[in-house]
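J.:
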Amino acid sequence: MTTTQTDTAWSELRARFQELADLGGTLSLMGWDQSTYLPAGAAAGRSRQVALLSRLRHERATDPTYGHLLDRLEGSADLSPIQARMVAVARKKFEEATRFPTEFVAAWSGHGGESYSAWTAARPANDFRRMVPYLEKSLDFSLQAASYFPEFADPMDYFINESDEGMTAAQVSDVFAALRVALVPMVDAVTGAEAPRTDFLARTYPGSEQLKFGEAVIRDYGYDFTRGRQDLTHHPFMTRLGGHDIRITTRVKENDPSEALYSTLHEAGHAMYEQGVAEELLGTPLGGGASAGVHESQSRLWENLVGRSRAFWAAYFGKFRDTFPEQLADVTEGEMHRAVNMVARSLIRTDADELTYNLHVITRYELERELLAGRLAVRDLADAWHAAYEQNLGMRAPSDVNGALQDVHWYFGSIGGAFQGYTLGNVLSAQFYTAAEAANPGLSGDIERADFSRLHGWLRENVYAHGGRYTPNELVQRATGQAMTVEPYLKYLREKYAELYGVKFS
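First residue of the sequence shown: 140, per the working numbering; consecutive thereafter.
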């Protein structure tokens with residue numbers, strides 16, 4: 140093509156990118172409303188609207204003329220590196236949308252709804268056997284989906300690439316193996332030490348005051364309320380409704396103020412990432428975070444490495460006590476810091492503390508790999524779950540309710556790639572923070588003064604602004620100077636919990 144033809148084709152493609160982004164944002168708006176303010180009686184109508192808009196978006200995303208535009212521009216020497224990356228990512232998404240036969244997508248979607256409905260009855264009844272045929276069918280659908288992408292020899296590679304482009308099951312498994320070797324003895328040591336005082340967290344903390352406090356903190360962090368807002372929901376999330384509309388949600392427990400605070404800090408981490416994406420990338424395939432794992436690294440960084448640090452409570456405990464003077468009259472700053480870093484073995488992933496959480500994820504990831512590889516039969520999953528929990532966390536659930544029936548992820552109709560991003564995010568959070576600290580010595584002192592400008596600025600420049608321009612592995616290498624490694628994360632955990640619990644790790 141001539142330069143003029145390239146320019147014309149690019150303008151057409153850029154308009155298609157924006158159209159798809161706007162349709163996606165409108166769907167997100169419907170979802171946000173459904174999770175926050177939608178009247179209960181309006182649910183059926185909303186489902187119909189979502190189905191219609193989803194169909195229209197899928198039609199536009201798989202339109203042959205869109206594919207022809209990509210064909211015309213793919214490999215063009217006239218494109219800039221960013222434009223070439225946009226075309227490559229768009230091609231990947233187009234291939235994903237068009238390789239699946241329509242009847243397969245319809246059947247898989249229908250099965251997912253049936254499986255979820257069955258799970259809602261089977262879990263409270265502790266009836267894992269009822270779910271076996273559904274899970275067997277989910278596994279069949281998952282393997283068939285991966286088979287449409289023969290370039291991935293391992294089905295798990297396909298699912299991991301879907302959420303963290305360029306990463307492989309071998310890479311993730313190596314990271315997880317190193318983590319487990321280190322974490323199991325650390326958990327043994329910490330849970331054998333004296334537990335911190337936590338009684339004061341169960342006192343009554345008015346929800347409205349909790350929300351005000353959390354919002355004040357994330358304003359300090361750098362969350363821009365002129366381009367976002369926070370609302371209540373049952374399960375907190377962050378969502379992009381448009382180029383400059385990034386919203387978060389939280390939930391409140393009046394007898395546990397840490398619930399709302401850390402949900403707010405977590406979702407604000409996701410949101411600041413989205414708010415920091417460069418303007419030129421908005422409305423394109425690169426207009427969001429690099430991957431699930433990198434996104435999770437930002438929520439975990441602001442929630443845990445900053446929000447659960449000693450420096451954070453040096454900055455905010457006085458303000459917190461001023462907000463709740465009666466509830467915290469007999470509590471010290473040190474007691475608050477220890478309480479929000481309480482470590483205890485548990486059976487529930489979503490309630491797990493920072494030290495044990497990854498063992499829950501590793502367990503699920505390894506079970507998924509065994510299922511996809513054909514080394515574990517679905518009928519044996521419940522027993523395998525209990526055995527893995529005894530090995531990794533030293534606990535056994537009394538029933539399958541908090542065992543293989545616990546997480547809804549497998550009961551939406553798909554098995555594979557559902558969990559690893561959570562732990563990859565934890566690992567990368569420390570790697571990014573360590574690099575930021577090397578470039579900005581004294582970050583702890585900044586945090587003690589509630590000054591997050593240097594940390595936020597480094598992340599915005601080195602992570603946020605790039606959006607999806609780089610694969611996760613490329614982004615980590617550029618930002619930190621090395622490939623993904625568990626060492627900064629393990630160093631962070633060892634130093635933190637050795638000090639908090641007065642233990643030594645070998």
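Backbone N, C-alpha and C fix where the C-beta goes; we use that ideal spot for every residue, glycine too.
Out of curiosity, what's the CA-to-CA distance linking E509 and L515?
T.: The sequence position of residue 509 within the sequence shown is 370, counting from 1. The sequence position of residue 515 within the sequence shown is 376, counting from 1. Rounded to the nearest angstrom, the two C-alpha atoms are 5 Å apart.
J.: For my contact list, L209 and V226 are in at a C-beta cut-off of 8 Å; report their separation, rounded to the angstrom.
T.: The count along the sequence shown starts at 1 and reaches residue 209 at position 70. The count along the sequence shown starts at 1 and reaches residue 226 at position 87. Between V226 and L209 the Cβ distance is about 6 Å, and since that is below 8 Å, they are a contact.
J.: Spatial neighbours of R224 within its chain, please: CB distance less than 6 Å, with the 5 preceding and 5 following residues excluded, ordered by chain position.
T.: If you number the sequence shown from 1, residue 224 lands on position 85. Only R608 meet the Cβ criterion.
J.: Starting from the Cα of F551, find the closest Cα among L274, L421, R153 and D172 and give me that residue.
T.: For the purposes of this step, residue 551 is taken as residue 412 along the sequence shown, with counting starting at 1. Among L274, L421, R153 and D172, the Cα nearest to that of F551 belongs to L274.
J.: Spell out the partners DSSP gives L371 in its beta bridges.
T.: Here residue 371 corresponds to residue number 232 of the sequence shown, with the count starting at 1. L371 pairs with T389.
J.: Helix, strand or coil for M377, going by three-state DSSP, please let me know.
T.: If you number the sequence shown from 1, residue 377 lands on position 238. It is a strand residue.
J.: Taking the alpha helix (DSSP H) that H250 falls in, what are its first and last residues?
T.: Start at 1 with the first residue of the sequence shown, and residue 250 comes out as number 111. Segment T241 to A261, the alpha helix (DSSP H) holding H250.
J.: D384 bridges to which residues according to DSSP?
T.: Along the sequence shown, read from residue 1 onward, the residue named residue 384 stands at position 245. Answer by DSSP bridge pairing, in chain order: G381.
J.: Return the first residue and the last residue of the alpha helix (DSSP H) that F571 is part of.
T.: Here the question's residue 571 lines up with position 432 in the sequence shown. Unbroken alpha helix (DSSP H) run through F571: Q559 to A578.
J.: For A604, does the three-state DSSP call read helix, strand or coil?
T.: Locating residue 604 in the sequence shown gives position 465, where the first residue counts as 1. In this structure, A604 counts as helix in the three-state DSSP scheme.
J.: Quick one: what does DSSP say I299 is sitting in, helix, strand or coil?
T.: In the sequence shown, residue 299 corresponds to position 160, counting from 1. Here I299 sits in helix by DSSP.
J.: For A557, is the classification buried or exposed, using 16 other Cβ atoms within 10 angstroms of its Cβ as the cut-off for buried?
T.: If you number the sequence shown from 1, residue 557 lands on position 418. Buried, by the Cβ-count rule.
J.: Out of L350, Q173, Y561 and D266, which one is the CA nearest neighbour of E493?
T.: The residue given as residue 493 occupies position 354 in the sequence shown. The candidate whose alpha carbon is nearest that of E493 is Y561.
J.: Rounded to whole angstroms, how far is the Cβ of T388 from the Cβ of S174, which I believe are closer than 8 Å?
T.: Here residue 388 is taken as the residue at index 249 of the sequence shown, counted from 1. Here residue 174 is taken as the residue at index 35 of the sequence shown, counted from 1. Sure, about 7 Å apart at Cβ, within 8 Å.
J.: Just tell me which of P240, A308 and P464 has its CA closest to the CA of D296.
T.: Numbered from its first residue, the sequence shown carries residue 296 at position 157. The shortest C-alpha separation from D296 is found at A308.
J.: Kindly give me the distance between the Cβ atoms of E474 and A453, rounded to whole angstroms, as I take these residues to be in contact under 8 Å.
T.: The residue given as residue 474 occupies position 335 in the sequence shown. The residue given as residue 453 occupies position 314 in the sequence shown. Actually they do not touch by this definition, with Cβ atoms about 13 Å apart.
J.: Flag this pair as yes or no: are the beta carbons of F298 and G555 separated by less than 8 Å?
T.: For the purposes of this step, residue 298 is identified with residue 159 of the sequence shown, where counting begins at 1. For the purposes of this step, residue 555 is identified with residue 416 of the sequence shown, where counting begins at 1. Yes.
J.: Whole angstroms is fine: what's the gap from P424's alpha carbon to Q222's?
T.: Your numbering for residue 424 matches position 285 in the sequence shown. Your numbering for residue 222 matches position 83 in the sequence shown. Spanning the two alpha carbons is a distance of roughly 10 Å.
J.: Check each candidate in Y360, T495, T201 and V271 and name the one with the smallest Cα separation from T241.
T.: As a first step, residue 241 is located in the sequence shown; it is residue number 102 there, counting from the start. The candidate whose alpha carbon is nearest that of T241 is T201.
J.: Got a sec? Which residues, its chain only, sit under 8 Å from R155 by beta carbon, not counting five neighbours each side?
T.: Mapped onto the sequence shown, residue 155 falls at position 16. So the qualifying residues of the chain are R199, Y205 and L208.
J.: For S553, does the three-state DSSP call read helix, strand or coil?
T.: Walking along the sequence shown from the start, residue 553 turns up at place 414. In the structure shown, S553 sits in coil (DSSP, three-state: anything other than H, G, I, E or B).
J.: Considering only the beta carbon of each residue, do D303 and P627 sit closer than 8 Å?
T.: Stepping through the sequence shown from its first residue, residue 303 is reached at position 164. Stepping through the sequence shown from its first residue, residue 627 is reached at position 488. Result no, Cβ atoms of D303 and P627 do not sit closer than 8 Å.
J.: Nearest chain D C-beta to V391 closer than 8 Å, yes or no?
T.: Judged by its chain identifiers, the structure shown contains no chain D, having just a single protein chain.
J.: Using 10 angstroms around the beta-carbon of I487, count the other beta-carbons present and answer buried if the total reaches 16, otherwise exposed.
T.: Counting from one through the sequence shown, the residue named residue 487 turns up at place 348. Exposed, because fewer than 16 other Cβ atoms sit within 10 Å of the Cβ of I487.
J.: If you drop the 5 nearest sequence neighbours on each side, which residues of the same chain put their C-beta closer than 6 Å to that of E623?
T.: Here residue 623 corresponds to residue number 484 of the sequence shown, with the count starting at 1. A small fix is needed here, since residue 623 is Met in this sequence, not Glu. V615.
J.: Report the CB separation of R379 from G564 in whole angstroms; it is logged as a contact under 8 Å.
T.: Position 240 of the sequence shown, counted from the first residue, corresponds to residue 379. Position 425 of the sequence shown, counted from the first residue, corresponds to residue 564. About 18 Å; that fails the 8 Å criterion.
J.: Under three-state DSSP, which class holds S193?
T.: The count along the sequence shown starts at 1 and reaches residue 193 at position 54. In this structure, S193 counts as helix in the three-state DSSP scheme.
J.: Could you give the distance in angstroms between the alpha-carbon of A257 and the alpha-carbon of H548?
T.: Indexing the sequence shown from 1 puts residue 257 at position 118. Indexing the sequence shown from 1 puts residue 548 at position 409. Answer to the nearest angstrom: the Cα atoms are 13 Å apart.
J.: So what's M270 in DSSP terms, helix, strand or just coil?
T.: Counting from 1 along the sequence shown, the entry for residue 270 is found at position 131. Three-state DSSP puts M270 in a helix.
J.: Could you tell me which of L632, S167 and L162 sits nearest to R196, measuring between CA atoms?
T.: Here residue 196 refers to the residue found at position 57 when the sequence shown is read from its first residue. Measuring from the Cα of R196, the nearest candidate turns out to be L162.
J.: Would you kindly check if the distance between the Cβ of A316 and the Cβ of L629 is under 8 Å?
T.: Along the sequence shown, one-based indexing puts residue 629 at 490. Along the sequence shown, one-based indexing puts residue 316 at 177. Cβ distance not < 8 Å, so L629 and A316 don't count as in contact.
J.: Just to confirm, are A450 and I357 a CB contact at a threshold of 8 Å?
T.: Counting from one through the sequence shown, the residue named residue 450 turns up at place 311. Counting from one through the sequence shown, the residue named residue 357 turns up at place 218. It is not a contact, given that the beta carbons lie outside the stated cut-off.
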